[in-house]
Structures are given as structure tokens and as C-alpha cells.
Ligand SMILES: [Zn+2]
């Protein structure tokens, strides 16, 4: 049910990348769950088959792949993806050896999303404590998302004949603009995104392709969130899917610390209700569901995942008894 390994986290400093980002959400969620459910174990990271260039080619363009095949170009591409007021200088100092190691690490993260989705097909519900690179575009990585692990995972399983139709439900505070762009002309993958209307990605910076179903929230509309989510899910009621990926960002949380998620301030209770509603909708449809973490910043983000997963684990353990 829980797909986690400590080495799947992004620890920039290990690759000589001096970005002021600390993301230990996955570790905090896992250790908190382990206190109540001591049987939980990390997955065997060595059993994850690596992604290859052909897998990325199912989503990304020749131009993108060219950048990924040469380390100097990849370094430039990553610099843009992790754009930050200081990142230019920081990336300049990264050795090509470290760029190469970082590339392997990113591919391992994408491979983990794929393995977790494949596992969800048999186990029906998997939460991967990682993943959710929903801003990556066809031609380039964007907004801290180097490639689109979500659509890569779906298309690889389609190619293997394991699924036909998929749905990506994105409830991160930011729009799944990469996901909507790369699947726009693909009737086999539907997308839904509930997000802030006025924050990044800005239409003025990047053109925005609509999702199959979008709903954008203005500041102060939090009270309407759950009823609008219900309406969004109802839109997909009559469609049949073989797999759903839920991009379960914790950044709509009112205690989130990212400046660009300040326009959505859902309470912990509202986020719990959000997650319960999506989970039970998928259960009712009997469709396998993979959940990924996506965004969530600050000291409290981990609590949003933990409250939902404690519920799932308690249900599972009482079902066994
Ligand atoms: Zn976000």
C-alpha cells in the first residue's frame, strides 16, 4: 500500500546542487506511519526497472530527448527547470559527473512512479511517497518537474498492454499544466485539475492547454472546494478507466509555506475530506488508484498525507482481523 524508500527523495546537495530546498516529507510520513503500523517496510529499490530513453520518448519531443542525451545540454535544461533566483550560479558549479548522477536519480524517481502504478493494478491502491512532476512540458522541464513521470507511467503501461484508458486527477494547488499539454490530443488519457486561478503557472509566461476538466479557484472560495470537487468527479462518472493517478499535493493547505500557493487555504479537515472523496470515488468505480505526493512545503505538509494514510492503514488492518 505504501511505496517508499529513503533514497527516492530529492536531496540536491548529494549531487553538488546547492539549492535551498529541503524535502523530507516522505521520510516524515513514513516514520510517523511506522510508529502506529510497525509492519511497514520500505520497498526494495533494486527491484525497480530503470526508465530508458524510449520511455521518455512516449511523452517528450526529440528536442527534449536531445537535451537529455548530452550532459552539457542537460545541465542547461535542468537549470531552467529548477529556475530560482540563485539557481543560475548554483548550476554553473555542478560538475558533469554530478549532472550524470542526478540524471540517473531523476530517472529512478520516474521509474518508481511507473513501478508503483504497475503495483496498483494488482493491489488496487498504492500511495507513492514521491512523484508528481505535473509541470513538465513536451519540449522542456518546468517548475521543478524535469519530466512528466505521470504520463510516462501511463503510456509505458499502455504500450505493455496492461491498461487502455487512464485518468489523472490533479488536486495540487498549482495547475497540472504539463500533464494537460502532453495529453491534449490523446483521447486515451483524461485529465482533471482543480487549482488556484491566479498563481503560477501564469498564462503570460507559458501558454496553458486546458485539461479535460478544469476548475480554477479565486482566493476566498475555499468553502466551495468540496462541492466543486464532487461536481468535477461526477463529470467523469460515466467514463471507464483502467487506472487513475491522483496528484495529491498538500500545498492547498492553509499552513503551506510556499509563497505561490498562498491563494488556496484549505483546512486540514477539508483536505482530509478531499482525499476521502477521491479515494471512495475510485473505489466505487473499482479502478486501481496510484497516489503521488506532488507539492507541499513547510513543516506541516507531511501531516496531510499522514492523516489520509493512517485511515487507509487502519481500515486495512481491521479488514485482516
Ligand atoms: Zn503545487
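Numbering (my numbering), first residue to last: 32 to 352.
Cβ atoms here follow ideal geometry from the backbone N, Cα and C, with glycine treated the same way.
Would the C-beta of residue i count as close to ligand 1, meaning under 7 Å from any of its heavy atoms?
i, result
"residue 211", "no"
"residue 204", "yes"
"residue 325", "yes"
"residue 292", "yes"
"residue 192", "no"
"residue 280", "yes"
State buried or exposed for residue i, treating a residue as buried only when at least 16 other CB atoms are found within 10 Å of its CB.
i, result
"residue 255", "exposed"
"residue 351", "exposed"
"residue 45", "exposed"
"residue 146", "buried"
"residue 321", "buried"
"residue 203", "buried"
"residue 271", "exposed"
"residue 263", "buried"
"residue 197", "buried"
"residue 287", "buried"
"residue 143", "buried"
"residue 211", "buried"
"residue 81", "exposed"
"residue 160", "buried"
"residue 67", "exposed"
"residue 314", "exposed"
"residue 120", "exposed"
"residue 106", "buried"
"residue 149", "buried"
"residue 83", "exposed"
"residue 224", "buried"
"residue 173", "buried"
"residue 349", "exposed"
"residue 242", "buried"
"residue 266", "exposed"
"residue 292", "buried"
"residue 311", "exposed"
"residue 153", "exposed"
"residue 69", "exposed"
What are the residues that DSSP puts in a beta bridge with residue i?
i, result
"residue 197", "220 and 274"
"residue 34", "159"
"residue 322", "158 and 277"
"residue 83", "Note: residue 83 sits in no beta bridge, so no partner."
"residue 173", "176"
"residue 226", "247"
With respect to 7 Å, is the separation between the Cβ of residue i and the closest non-hydrogen atom of ligand 2 below this value?
i, result
"residue 87", "Looking at this structure, you won't find ligand 2 anywhere; what it does contain is ligand 1."
Alpha helix (DSSP H) segments (min. 4 residues) lying fully within the region 279 to 316: 299 to 316
Hey, which unbroken runs of the alpha helix (DSSP H) at 4 residues or more fall wholly within the region 92 to 166? Secondary structure within the region 92 to 166: the alpha helix (DSSP H) runs of 4 or more consecutive residues, fully enclosed, are 93 to 99, 102 to 112, 118 to 123 and 127 to 154 (chain order).
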